[in-house]
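The structure appears below as structure tokens.
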Amino acid sequence: MLTLFTQAQQRPDSIAILDAQGAHTYESLLQKSSQIAHQLLAGRSDLEQERIAFMVSPGLNYVATIWGIWKAGGIAVPLCLSYPLPSLAYVIEDTQAAALVVEPSFCELLQDYAQEKGIPLHLVEDLQVGPVTGLLPEIDLNRGALILYTSGTTSLPKGVLTTHANLEAQISTLIEAWNWTFSDHTLCLLPLHHVHGLVNVVSCALWAGATLQFLHPFQADTVFSIFLEGKVNVFMAVPTIYFKLIAEFDSYSETRKAALTNCMNSFRLMVSGSAALPLSVMEKWKQVSGHTLLERYGMTEIGMAISNPYKGERRAGYIGTPLPGVQVRLVDELDQEVAPGLPGEIQIQGPGVFAKYWGKAEATAKAFTESGWFKTGDIAVIEANYYRILGRDSIDIIKSGGYKISALEIEEVLRNHELVKDCAIVGIPNEEWGELVAAVLVLEGELNLTELKDWLKERLPTYKSPKVYQILADLPRNAMGKVVKNELKSIFSSTT
Ligand code: MCA
Ligand code: AMP
């Protein structure tokens with residue numbers, strides 16, 4: 001049996017999950033996930049790694065669904081809740097999902113599509129019925145567990161397949177490094193189709209036997225009200241969320257500020273990651289909460305790799321040192337390790353590194369060196385033993401609000417607009433969002449920006465929708481005819 005489940009069996013009566021519906025014990029989570037597994041199996045003995053895509057809000061139903069898929073021997077494909085239909089269809093078709101599990105609020109969005117494609121669509125509540133007796137399959141750790149989508153230097157996102165062994169390695173290294181225990185209580189407000197929310201928060205909390213409280217959607221004032229209830233002691237978020245919490249905190253009375261600072265002071269741990277933590281946010285958060293945020297570095301393909309220490313110096317602007325079990329090296333363009341103190345690409349090896357990009361053998365081969373190191377595309381340097389990120393090797397990868405976004409994907413969508421003759425997408429540095437997604441357009445005629453916004457909404461989730469900063473007669477190009485994005489980026493960075 002997977003370690004997550006044996007751990008849960010040890011604390012049947014403890015509260016595993018708090019969500020909008022109330023408190024749920026580990027026993028109830030185990031029971032509901034077994035019911036879902038049996039219903040998905042519908043008499044078969046094993047789903048044999050069929051992909052099951054699901055669109056369920058954070059809460060008991062989300063966890064019971066993903067555990068149910070795993071118990072039945074399937075590969076879980078969590079869908080992004082803010083995706084419009086074309087983005088959902090891409091993931092469902094790319095993974096060749098055998099079934100869909102949804103909560104009622106997403107049924108309307110997916111039911112016609114599912115019917116047209118002949119994919120069975122189940123309501124999550126309908127799967128939580130029936131006895132839990134009967135055998136569930138034995139799951140080999142080397143089987144596929146999860147496919148998460150991540151953007152890269154190809155226009156469409158790639159599915160990252162991790163095995164159960166990969167996930168166990170990603171979880172257990174954090175349990176050890178950040179001292180998770182069953183007496184922890186964490187608040188999850190991150191999306192659950194990414195590693196940060198799903199592995200670092202949800203899976204670590206449940207592996208430890210801790211209490212996992214969900215808040216969805218994110219609302220800064222509710223986060224603080226929950227903090228003031230005095231139960232939460234571990235908190236993880238992306239820098240944009242800390243920025244938004246600081247803005248909310250600043251709007252409070254001195255009495256409420258003092259009460260909150262006092263409450264957060266007693267937290268065990270506060271972590272930031274998914275994007276560079278601006279020094280200004282780190283310093284302000286220290287004043288607000290009394291905590292020096294623990295900044296760490298990771299990626300969908302590898303889980304967490306480098307972290308500031310739980311005990312010891314948390315150095316501002318640095319991501320720390322390799323986590324237990326993770327091997328890290330810095331290399332130059334020729335894949336040679338750089339001399340100490342020089343910058344190089346971060347490359348990773350270890351049991352947490354993913355199995356492959358789903359259905360993309362060529363992309364998988366390109367992502368690894370001949371000797372098996374995963375190439376992250378992030379450039380870093382080691383200074384006084386700590387790694388510091390300098391940037392990425394591709395200007396086409398943007399990080400905004402903690403989400404990784406491909407400039408090429410958005411450009412391809414925009415080029416389908418009848419009035420857009422040419423376009424370029426660049427990320428502009430921004431304290432709140434990390435980077436803002438900015439569009440530079442060359443038009444065929446007059447464009448109404450509100451109409452463009454609505455047009456984009458049907459094709460891209462909000463966080464990928466660019467702000468249109470400039471409409472140019474032509475884009476700057478180099479001798480080979482390639483758009484010079486560095487030039488565009490520096491023009492906009494200095495004018496916005
Ligand atoms: C939303 N808005 C934006 C952006 N997103 N504006 C600029 N840039 C953006 N990226 C605007 C909307 O247009 C809208 O504007 C307003 O903000 C509210 O939109 P909404 O979608 O409701 O935003 P939100 O709920 O406030 O979302 C902000 C957020 C969210 C909570 C920070 O982006 C988030 O949950 N980010 C976390 C992503 C994450 O978990 N990444 C981990 C992947 P208007 O009001 O004008 O319409 S990375 C990972 O997993 C690796 C392994 C790692 O290292 O962790
Ligand atoms: P994703 O593909 O969504 O998993 O995003 C992974 C990327 O997020 C990494 O390749 C980095 O570029 C970025 N990232 C994660 N953590 C940090 C951090 N602490 N500082 C800077 N960049 C980070």
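Note that our numbering has the sequence shown beginning at 1, numbered continuously upward.
Cβ coordinates follow ideal geometry from the N, Cα and C atoms, glycine included.
Residue i to residue j, Cα distance in whole Å?
i	j	result
Ala64	Ser33	4 Å
Leu357	Gln347	Rather than Leu, the amino acid found at residue 357 in this sequence is Tyr. So the alpha carbons of these two residues sit roughly 17 Å apart.
Tyr386	Ser289	25 Å
Pro278	Asp126	45 Å
Arg477	Val440	13 Å
Gln145	Thr321	Here residue 145 is Ala; the residue named in the question, Gln, does not match the sequence. Taking the straight line joining both Cα atoms gives about 28 Å.
Leu479	Ala407	Looking at the sequence shown, residue 479 is not Leu but Ala. Straight-line Cα distance between these residues: approximately 21 Å.
Pro501	Ile171	For residue 501 there is no data in the structure shown, the boundaries of the chain being 1 and 496.
Glu445	Lys421	As written in the sequence, residue 445 is Gly, which differs from the Glu given in the question. Taking the straight line joining both Cα atoms gives about 9 Å.
Glu451	Pro461	16 Å
Leu85	Leu2	33 Å
Pro324	Lys360	30 Å
Thr95	Ser251	45 Å
Thr369	Gly391	20 Å
Val505	Leu475	This structure does not reach residue 505, given that the chain is present from 1 up to 496, and the question cannot be answered.
Pro104	Tyr62	13 Å
Ser272	Tyr149	21 Å
Trp67	Ser87	24 Å
Leu110	Ile92	11 Å
Val437	Ser151	14 Å
Phe260	Phe218	It is Leu, not Phe, that sits at residue 260 in the sequence shown. Distance between the alpha carbons of Leu260 and Phe218: 18 Å.
Ala240	Gly434	A small fix is needed here, since residue 240 is Thr in this sequence, not Ala. So the alpha carbons of these two residues sit roughly 7 Å apart.
Among the options, which has the Cα closest to the Cα of residue i?
i	options	result
Ile69	His164, Val437, Ala361, Phe267	His164
Phe249	Ala220, Cys263, Val468	Ala220
Leu141	Gly434, Asn200, Pro351, Ile302	Pro351
Ile398	Lys421, Gln115, Pro429	Pro429
Thr505	Gly344, Leu40, Ile410, Val160	It is not possible to answer for residue 505, since the shown part of the chain is limited to 1 through 496.
Thr300	Asn486, Gln7, Ala367	Ala367
Thr186	Phe5, Ala16, Lys360, Gly152	Ala16
Ile226	Ala237, Gln213, Val238, Met236	Gln213
Phe267	Phe235, Ala99, Ile306, Leu60	Phe235
Trp333	Ile319, Ala305, Lys375, Lys311	Correcting the residue type first, residue 333 is Glu in the shown sequence and not Trp. Checking every option, the nearest Cα to that of Glu333 belongs to Lys375.
Leu30	Asp184, Leu136, Cys188	Leu136
Met282	Ile425, Arg314, Ala305, Leu260	Arg314
Leu293	Leu342, Ala316, Thr255, Ile306	Ala316
Trp498	Tyr310, Leu109, Leu40	The first residue shown for the chain is 1 and the last is 496, placing residue 498 beyond what the model contains.
Gly427	Asp454, His194, Glu116, Ile410	Ile410
Asn486	Ile425, Lys453, Leu156	Ile425
His291	Glu362, Met264, Phe224	Met264
Which same chain residues end up closer than 6 Å to residue i when comparing Cβ atoms and leaving out the 5 residues on each side of it in sequence?
i	result
Met55	Leu79, Val102, Phe106
Tyr90	none
Lys244	Ala220
Gly74	Leu47, Glu50, Ile52
Ala114	Leu100, Leu121
Thr153	Ser394, Asp396
Ala72	Ala37, Leu40, Leu41, Leu47
Please list, in chain order, all residues of the same chain as residue i whose beta carbon is under 8 Å from its beta carbon, the five residues on each side excluded.
i	result
Leu449	Val468
Leu472	Val440, Leu441, Val442
Phe563	Nothing in the structure corresponds to residue 563, since the chain is present only between 1 and 496.
Ala169	Gly303, Gly325, Gly350, Pro351, Gly352
Ser280	Glu431
Val413	Leu456, Arg459, Leu460
Give me the Cβ distance between residue i and residue j, rounded to the nearest whole Å; I'm assuming they're in contact under 8 Å.
i	j	result
Tyr580	Trp285	Only positions 1 to 496 of the chain appear in the structure, and residue 580 is not among them; the question remains open.
Val353	Asn166	7 Å
Lys457	Ile405	Not confirmed; about 16 Å, so no contact.
Ser394	Gly372	About 22 Å; that fails the 8 Å criterion.
Ile319	Ile379	Incorrect: roughly 12 Å between the Cβ atoms, too far for contact.
Gln21	Leu60	7 Å
Thr222	Leu215	6 Å
Gly401	Val238	7 Å
Val132	Gln35	6 Å
Excluding the 5 residues preceding and the 5 following residue i in the sequence, name in chain order all residues of the same chain whose CB lies nearer than 7 Å to its CB.
i	result
Ala384	none
Ile175	Cys204, Trp207, Ala208
Arg296	Val271, Gly273, Met304, Ile306, Ser307, Asn308, Ile319, Gly320
Ile147	Arg51, Ile75, Val77, Thr95, Gly159, Val160, Leu161, Trp358
Gly197	Cys188, Leu190, Pro191
Val501	This structure cannot settle anything about residue 501, because the visible part of the chain is limited to 1 through 496.
- [ ] Would you list, in sequence order, the uninterrupted beta strand (DSSP E) runs of no fewer than 3 residues that lie entirely inside the stretch 189-239?
- [x] 211-214, 234-237
- [ ] List in chain order: all unbroken beta strand (DSSP E) runs of 3+ residues lying wholly within the stretch 256-319.
- [x] 269-272, 294-299, 303-307
Task: Inside the stretch 14-97 only - alpha helix (DSSP H) runs reaching at least 4 residues - done: 26-41, 60-71, 85-94
Task: Continuous alpha helix (DSSP H) assignments of at least 4 residues falling wholly in the stretch 431-465 - done: 449-457
TODO: Mind listing, in chain order, the continuous beta strand (DSSP E) runs of no fewer than 3 residues lying wholly within the stretch 103-143?
DONE: 121-123
Task: Sequence ranges, beta strand (DSSP E) only - wholly within the stretch 316-394, length at least 3 - done: Unbroken beta strand (DSSP E) runs of no fewer than 3 residues, entirely contained in the stretch 316-394, are found at 327-331, 344-349, 374-383, 386-392, following chain order.
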